[in-house]
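J.: In terms of our numbering, the sequence shown is numbered consecutively and its last residue is 510. We treat Cβ as the ideally placed atom computed from N, Cα and C, and that holds for glycine. Small disclaimer: the values here were computed from a predicted structure and weren't measured.
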Amino acid sequence: MADDCALLLADALKHNTRLQVMRLEGNNITVEGWNAFSALICNKSSLMETVTSNHVLEDLGIFDEPLVDDLLALNQSDDKRAVAMNKAIKFHLSELVVTMGVKLLPTIMACIGADQKNACSEHLRCDLLASMFSIVRSTPVLFQYASHESDQDLAPDV
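Structure follows, in structure tokens:
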């Protein structure tokens with residue numbers, strides 16, 4: 353199979369809800385074909401495209417293909433809602449915060465901090481924790497005292 357067939361196959365699998373494993377080793381697929389599978393597994397063009405990407409396909413029967421390996425690892429969970437949420441947070445964190453507002457931050461933080469051993473790989477958990485750090489670092493006002501005066505109220509009397 354060459355790139356033209358890979359493009360057709362990736363397009364045909366956009367609405368796949370059952371196929372989890374395909375064996376594509378030994379084909380003549382180049383970067384163009386792998387990009388099509390990458391977009392199938394996690395279309396990063398928008399938040400909605402990411403959420404509606406294919407969360408079912410878990411194995412393409414290939415190894416060491418950087419364009420798809422990490423994305424396939426995201427799909428390694430039975431909880432496909434968690435997979436979609438992890439992809440949205442990983443690739444669209446700032447858009448989520450801007451679109452949904454600061455009120456969504458506790459939910460995002462809870463999702464990132466949740467015990468997701470069955471919902472994502474160790475590598476993804478590290479990425480999600482890095483996202484949590486980015487939130488804290490970029491919005492310090494959310495984690496500071498209301499005023500410096502209240503800090504003085506907490507200081508011990510000398």
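Report back the beta-carbon spacing between Gln372 and Asp431 to the nearest angstrom; my notes put them in contact at under 8 angstroms.
T.: With 8 angstroms as the limit, Gln372 and Asp431 do not qualify as a contact, their Cβ atoms being about 14 angstroms apart.
J.: Would Thr402 be called buried (16 or more neighbouring beta carbons within 10 Å of its own) or exposed?
T.: By the neighbour-count rule (16 or more Cβ atoms within 10 Å), Thr402 is buried.
J.: Helix, strand or coil for Val408? Go by DSSP, reduced to three states.
T.: coil
J.: Can you tell me whether Asn380 is helix, strand or coil according to DSSP?
T.: strand
J.: Kindly indicate which residue of Ala434, Thr369, Trp386, Ala436 has the alpha-carbon position closest to the one of Asp416.
T.: For Asp416, the closest alpha carbon among the candidates Ala434, Thr369, Trp386, Ala436 is that of Trp386.
J.: Over what stretch of residues does the alpha helix (DSSP H) that includes Val420 continue unbroken?
T.: 418-426
J.: Just reading off the alpha helix (DSSP H) that Ala354 is part of, what are its end residues?
T.: From DSSP, Ala354 is part of no alpha helix (DSSP H); its letter is neither H nor E.
J.: Using only alpha-carbon positions, find the residue among Ile441, Val435, Leu445, Ser490 that is nearest to Ile393.
T.: Val435
J.: For Phe389 and Thr451, I'd like the C-alpha separation in whole angstroms.
T.: 28 angstroms
J.: Can you tell me where the alpha helix (DSSP H) with Val403 in it begins and where it stops?
T.: 399-403
J.: Sorted by chain position, which residues of the same chain lie with C-beta nearer than 6 angstroms to Ala362's C-beta, five sequence neighbours on each side aside?
T.: Ala388, Phe389, Leu392
J.: Which residues in the same chain have their Cβ closer than 7 angstroms to the Cβ of Asn368, if we skip the five residues on either side of it in sequence?
T.: So the qualifying residues of the chain are Asn406, Val408, Leu409.
J.: Using a Cβ-Cβ cutoff of less than 8 angstroms, which residues in the same chain neighbour Phe443 once the five nearest sequence positions on both sides are dropped?
T.: Cys394, Lys396, Thr402
J.: Rounded to whole angstroms, what's the CA-CA distance from Leu365 to Leu426? Just pull it up for me.
T.: 17 angstroms
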